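Written out below as structure tokens is the structure these notes cover.
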Amino acid sequence: MRVQAADMPWNDRAGRFSRLRLVACLIAFGPALILILDAAIGDLGAKPLTEAIHRTGEWAVRLLILTLAITPLRRITGWNRLITVRRLLGLATFGYAFGHFVLYWADQNWNPARIVTELVSRVYLTIGFAALAGLAVLAATSTDGAIHRLGNTWQKLHRIGYLCAALAILHFFMQAKIDADQAALMLGFFLLVMSYRAAHALGLPLASPFTLIGVAGLGAVVTAFLEAGWYGVATRIPWQAVLSANLQLAPEPRPAFWILVVGVLAALLPFRRRLVAFRIARSH
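Read left to right, the sequence shown gives residues 1 to 284 (UniProt numbering).
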């Protein structure tokens with residue numbers, strides 16, 4: 001079968017090279033290539049399969065949140081072409097999630113009965129599998145044909161992506177136990193995405209730095225309290241100690257700090273949008 005230029009993931013629908021899609025490809029496929037390289041040179045540690053399971057799971061969550069962030073970023077920046085990479089990132093998300101499951105199955109010696117038993121008896125695995133099932137539905141209905149057949153139902157169906165993200169993050173927390181920094185960071189980014197969505201629904205302009213600063217502050221505070229709450233409920237670590245750690249940058253900043261930093265940086269994006277508009281106006 002002849003490969004068309006438009007079939008290349010770094011090209012747009014017209015077959016033209018797209019720098020935006022190239023960057024999306026690097027984000028989507030880069031971690032997998034690094035994982036394969038590390039496996040080839042034996043650089044996955046004492047338990048290579050476990051390391052591969054963790055990496056694929058973490059990247060599935062990261063890419064899922066990035067995919068959900070495309071629409072808010074488009075509204076913030078006015079860069080409508082961002083929507084052209086959402087499907088690529090979404091399919092990559094499912095790829096990592098499915099790879100995560102297959103690697104776990106391999107870790108269970110490819111025993112289907114054992115897999116079923118584990119999924120039923122371990123709540124965090126049940127939650128993770130539910131997220132995977134949701135992502136499978138989204139991947140299966142991501143084609144142009146499915147979009148055409150489902151019509152208005154397609155958009156409603158794909159809102160389960162937010163539920164999948166919530167389940168994936170909960171799975172992440174439950175698996176991480178007392179080392180939940182990365183899970184808390186992903187939770188914070190998810191809260192930012194949902195806050196942007198809520199602000200838009202309330203009629204607050206996402207092109208306003210004031211709206212974005214407010215979302216950044218709210219996201220950081222809620223992240224700090226939810227992280228502390230998790231440690232207080234799921235571990236024996238005092239939640240007050242975790243919460244107070246957010247006031248210190250040493251030995252390393254807490255996840256809430258990075259949520260605030262990213263949120264503030266996002267608040268600067270509308271200024272770039274206005275600068276571009278100003279330059280276009282001057283050129284005319």
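Where is the CB? At the ideal position from N, CA and C, for every residue including glycine.
Owing to the predicted nature of the structure, the values given are computational and were not obtained by experimental measurement.
Limits of the unbroken alpha helix (DSSP H) element including residue 286: In the structure displayed, the chain extends from 1 to 284; residue 286 sits before or after that span and is not available.
Note down the Cα distance separating Pro253 from Arg19, rounded to an integer number of angstroms. Position 253 of the sequence shown, counting from 1, holds the residue named residue 253. Position 19 of the sequence shown, counting from 1, holds the residue named residue 19. Their Cα atoms are separated by approximately 33 Å.
Using a Cβ-Cβ cut-off of 6 Å (strictly less than) and excluding sequence neighbours within five positions of Ala228, which residues of its own chain qualify? Start at 1 with the first residue of the sequence shown, and residue 228 comes out as number 228. Result list for Ala228: Trp239, Val242 and Leu243, in chain order.
So which of Glu58, Leu268 and Leu132 has the shortest CA-CA distance to Pro209? Locating residue 209 in the sequence shown gives position 209, where the first residue counts as 1. When each option's Cα is compared against that of Pro209, the closest is Leu268.
Does the Cβ of Ser121 have 16 or more other Cβ atoms within 10 Å, making it buried, or fewer, making it exposed? For this step, residue 121 is matched to residue 121 along the sequence shown. Here Ser121 is exposed: its Cβ has fewer than 16 other Cβ atoms, across all protein chains shown, within 10 Å.
Assigned secondary structure, Asn80 (DSSP; H/G/I helix, E/B strand, else coil): Against the sequence shown, residue 80 aligns to sequence position 80. For Asn80, the three-state secondary structure derived from DSSP is helix.
Whose C-beta lies closer than 6 Å to the C-beta of Tyr124 among residues of the same chain, with five residues either side of it excluded? In the sequence shown, counting from the first residue as 1, residue 124 sits at position 124. Cβ neighbours of Tyr124 beyond the five flanking positions: His171, Met174 and Gln175.
Secondary structure of Asn246, DSSP reduced to three states: Counting from 1 along the sequence shown, the entry for residue 246 is found at position 246. Helix.
State buried or exposed for Arg149, treating a residue as buried only when at least 16 other CB atoms are found within 10 Å of its CB. Counting from one through the sequence shown, the residue named residue 149 turns up at place 149. Exposed: under 16 other Cβ atoms inside 10 Å.
Within the same chain, show all residues whose beta-carbon is closer than 8 Å to that of Ala52, passing over the 5 residues directly before and after it, in chain order. Position 52 of the sequence shown holds residue 52. Result list for Ala52: Leu35, Ala39, Leu44 and Leu103, in chain order.
Coil, strand or helix - Asn152 by DSSP: To locate residue 152, count along the sequence shown from 1; it is residue 152. Three-state DSSP puts Asn152 in a helix.
Integer-rounded CB distance, given that Val193 should sit under 8 Å from Pro72: Position 72 of the sequence shown, counted from the start, is the residue given in the question as residue 72. Position 193 of the sequence shown, counted from the start, is the residue given in the question as residue 193. A Cβ-Cβ distance of about 6 Å is found for the pair Pro72 and Val193, placing them in contact under the 8 Å criterion.
Whether Ala234 touches Asn246 by CB criterion (8 Å): Here residue 234 refers to the residue found at position 234 when the sequence shown is read from its first residue. Here residue 246 refers to the residue found at position 246 when the sequence shown is read from its first residue. Not closer than 8 Å, so no.
In this structure, what does DSSP give as the bridge partners for Asn11? Walking along the sequence shown from the start, residue 11 turns up at place 11. DSSP lists Phe17 as partners of Asn11.
Would Ala216 and Ala266 be called neighbours here (beta carbons separated by less than 8 Å)? Sequence index remark: in the sequence shown, residue 216 carries index 216 (1-based). Sequence index remark: in the sequence shown, residue 266 carries index 266 (1-based). Cβ distance < 8 Å, so Ala216 and Ala266 count as in contact.
Straight-line gap, Phe17 to Thr143 (C-alpha atoms, nearest Å): Translated into positions along the sequence shown, residue 17 becomes position 17. Translated into positions along the sequence shown, residue 143 becomes position 143. Their backbone Cα atoms lie some 21 Å apart in a straight line.
Start-to-end residues for the alpha helix (DSSP H) that takes in Thr126: Position 126 of the sequence shown holds residue 126. Run containing Thr126: Val123 to Ala140, per the alpha helix (DSSP H) assignment.
Which whole-angstrom value is the C-beta distance of Arg75 and Leu206, which I expect to be below 8 Å? Along the sequence shown, read from residue 1 onward, the residue named residue 75 stands at position 75. Along the sequence shown, read from residue 1 onward, the residue named residue 206 stands at position 206. Going by Cβ atoms, the distance from Arg75 to Leu206 rounds to 4 Å, so yes, they are a contact pair.
Determine the direct distance from the alpha carbon of Asp179 to that of Gly95, and round the result to whole angstroms. Position 95 of the sequence shown, counted from the first residue, corresponds to residue 95. Position 179 of the sequence shown, counted from the first residue, corresponds to residue 179. Between Gly95 and Asp179, the C-alpha separation is close to 25 Å.
Using 8 Å as the threshold, is the C-beta distance between Val222 and Leu191 below it? Here the question's residue 222 lines up with position 222 in the sequence shown. Here the question's residue 191 lines up with position 191 in the sequence shown. Against a cut-off of 8 Å, the Cβ pair of Leu191 and Val222 comes out as a contact.
With H, G and I counted as helix, E and B as strand and the rest as coil, what does DSSP make of Gly90? By 1-based counting over the sequence shown, the position of residue 90 is 90. Look at Gly90 here: in three-state DSSP terms it is helix.
Report the three-state DSSP secondary structure of Met1 (helix, strand or coil). Mapped onto the sequence shown, residue 1 falls at position 1. Any answer about Met1 is weak, because its pLDDT of 49 lies below 50 and its placement is not dependable; what the coordinates show is given next. Coil, per DSSP.
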